[in-house]
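Each protein sequence line maps, in turn, to chains A and B.
Take the position in the first sequence, starting the count at 1, then add 14; the result is the number in our numbering.
Take the position in the second sequence, starting the count at 1, then add 499; the result is the number in our numbering.
Ideal Cβ placement from N, Cα and C applies to all residues, glycine included.
Quick notes on the structure that follows.
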Amino acid sequence: MRISTFLYNVRQGFANIWRNKMFSLASIATMTACIFLFGVFYSLGVNFGSMVRSAEENVAVTVFFDEGLSDSEIKTIGREIQSREAVERVKYVSAEEAWDYMKEDFFGGNEELAESFADDNPMKNSDNFEVYLKDVSQQDELVTYIKGIPGVRKVNQSEMAANILTDFNKLIIYIFVGIIVILLAVAAFLISNTITVGISVRREEIAIMKLIGAKDTFVRQPFIVEGVAIGLIGSIVPLLLLHMVYGGIIKYVTENFNLLSSLMVFVPVNDVFRVLVPVSLILGVGIGFVGSRITLKRHLKV
Amino acid sequence: MIKLEHVSKTYEAGVQAITDVNLHIRPGEFVFIIGATGSGKSTIIKLLQKELTPTHGKIIVNGRDIAKITRKQIPKFRRNIGVVFQNFRLLPDRNVYENVAFAMRVVEAPKREIKKRVPQMLSLVGLAHKYRSLPKQLSGGEQQRVAIARALVNEPKILLADEPTGNLDNQHAWEIMRLLEEINERGTTVVVVTHNMDFVRQMNKRVITIKKGVVVSDEQVEEATDAD
Ligand SMILES: Nc1ncnc2c1ncn2[C@@H]1O[C@H](COP(=O)(O)OP(=O)(O)OP(=O)(O)O)[C@@H](O)[C@H]1O
Ligand SMILES: [Mg+2]
């Protein structure tokens, strides 16, 4: 196909959109809403995920030993734990360090109170391993295993309820996927309706085209262009909006809530959009293309 | 060249529109097809464009048995046949130039060709000066000229006109007939379906008369034929 022919059909496609303003607008708006929501969910998801991950990194299993274990025995236990698949890293905490943490946690700001314990470390037998996991969901299994290692006196699980976290994660994903799918279906339906109206408006023109000797692809092309353009506009607009909103929120939170921003580390705009832009464009253009193709198959028997 | 051999067409509804029609139209001929309303004239025109498929018989257009033309080949086949209708069928939202250029765009002609051919066709039909008018700003006769320009712009070998003057007053009708005659003199085979017996009497052309789907006469006339 010639470039000039293709450009002609692109113009016809946009003319269709223009001639059929209300329907086109409805389709674009739905597509925009859909991609926008997708973007919101995705951004939330990515940020939530990164926060969960950083929380997970702080979830540790603490392993205490029987009294009077030698350094080399402790090291052997450490090596054994480290060799497990689920283990990210193992950190040895000496009794002195354990006491230091304790002081910080309980007597933070009132260090003089802790002084009463002076040199008599109340946590003499508290040297331990802090075990950090790659994946919190494997925590229970690991704990059972560690408890079985000779020389281990006690294993403390982290208080963070890992499983709840994961379940919550899953639920959010299901809801998110569900809403997106429904919106996509609505968008596809509206695009299909727009194309159907376009075809009926141009029925006479199509009939004449066919009598003159237009190929099927030529007859279909403007409608494909129409669908794809609606999808494209309907994904570019929400992406621009999202970019503004996301950047705005980060800026607002960092500037106004020092505490919050130290707790929550936002995923940078660029990292989010590196995925969001291609996925949204493919989604928008794809739905537009497929929507118009299916409609053409049904309503335009060339 | 157009050839119909024992062609019959029965519509889905069971209406037998034409029965055992045999015709042979040579290249460069000018032929009238006349007959009462419902006699099957338009059916013949539609069969020639492969808009309809015959129930029986064989149709040959430009040397090809059209039954052997596949769906994919239909566009190319139709580019050799220009068509003109009683109600013009122009695109109301496009001006004269665009309506004619449309036929070339549709067959994916190069831009250069379009720019060259469209003005040529418009001056042939005498409308070069009105190229920017919309169809509704033209008289019926002018609209039909635009339609003829559109039908001819791709240089088809055959021009089929189904009652091209049916919506025109006498003077405009004659202008269109003269134009069709001129086009025929330039080498295009022209087939005109008409009700207007004045043309048939005065133009000295071959006249094919259809009655209830059957060819009842096929002759070169000098005088009036009692068709209706
Ligand atoms: N699509 C169709 N389905 C069923 N019957 C049809 C169809 N088209 C035409 N007919 C019938 O076939 C017969 C021939 O119709 P056709 O249109 O060929 O007549 P015509 O000679 O062109 O008439 P007119 O002078 O009124 O245009 C008529 O009886 C008509 O009612
Ligand atoms: Mg007719």
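Between B/I532 and B/I657, the C-beta spacing is not below 8 Å. Between B/N683 and B/V689, the gap from beta carbon to beta carbon is short of 8 Å. For the 8 Å CB-CB criterion, A/A228 and A/I301 do not form a contact. According to the DSSP assignment, B/N703 belongs to no beta strand (DSSP E), since it is labelled neither H nor E.
For the 8 Å CB-CB criterion, A/V242 and A/F303 form a contact. Distances from the CA of A/N30 to each of A/G261, A/V239, A/Y266, A/L204 were compared; the closest alpha carbon is that of A/V239. A/S108 and A/D85 have their C-alpha atoms spaced approximately 11 Å apart. B/H694 carries a coil assignment under DSSP once its states are collapsed to helix, strand and coil.
Within chain B, no residue has its beta carbon less than 9 Å from that of A/I220; the closest one is some 10 Å off. Positions of the alpha helix (DSSP H) runs, each at least 4 residues long and wholly inside the segment 636 to 691 of chain B, are given as 639 to 651, 669 to 684 in order along the chain. Residue environment for B/K549: buried (at least 16 other C-beta atoms within 10 angstroms of its C-beta).
CA-CA distance, B/L667 to B/P574, rounds to 30 Å.
Around the C-beta of B/E607, 16 or more other C-beta atoms lie within 10 Å, and the residue is accordingly described as buried.
Between B/G537 and B/S507, the CB-CB gap reaches or exceeds 8 Å. With contacts defined by Cβ atoms closer than 8 Å, B/V617 and B/V599 form a contacting pair. Checking the 7 Å criterion, the Cβ of B/D592 is out of range of every heavy atom belonging to ligand 2. Annotation for A/S206 indicates a beta carbon at 7 Å or more from all heavy atoms of ligand 1. Residue side-chain check: A/K315 keeps its Cβ at 7 Å or more from all non-hydrogen atoms of ligand 1. Proximity to B/D592 across B/S716, B/E504, B/P634 peaks at B/P634, based on C-alpha coordinates. In the DSSP annotation of this structure, the continuous segment of the beta strand (DSSP E) that includes A/V77 starts and ends at 74 to 79. Residue environment analysis places A/M36 among the exposed positions, since fewer than 16 neighbouring C-beta atoms fall within 10 angstroms of its C-beta. With respect to chain A, the C-beta atom of B/R588 has a partner C-beta closer than 8 Å.
Taking non-hydrogen atoms of ligand 2 into account, the C-beta of B/K540 is found less than 7 Å away from one of them. Taking C-alpha positions only, B/N669 is separated from B/G639 by approximately 11 Å. With a minimum length of 4 residues, the unbroken runs of alpha helix (DSSP H) contained wholly in the segment 586 to 621 of chain B fall at 595 to 605. In the assembly as shown, A/D285 is an exposed residue. Its beta-carbon has fewer than 16 other beta-carbons within 10 Å. The three-state reading of DSSP puts A/N170 in strand, counting E and B together. In the DSSP annotation of this structure, the continuous segment of the alpha helix (DSSP H) that includes A/Y22 starts and ends at 17 to 33. Here DSSP, grouped into helix, strand and coil, assigns B/Q515 to strand. If you check each beta-carbon in the segment 226 to 242 of chain A against every beta-carbon of chain B, the ones closer than 7 Å belong to I226, G227, A228, K229, F232. According to the DSSP assignment, B/H505 belongs to the beta strand (DSSP E) that extends over 501 to 509. Against B/R604, the close residues of chain A are T19, Y22, in the order they occur along the chain (beta-carbon pairs closer than 8 Å). Close partners of B/V582 in chain A (Cβ separation under 7 Å): L225.
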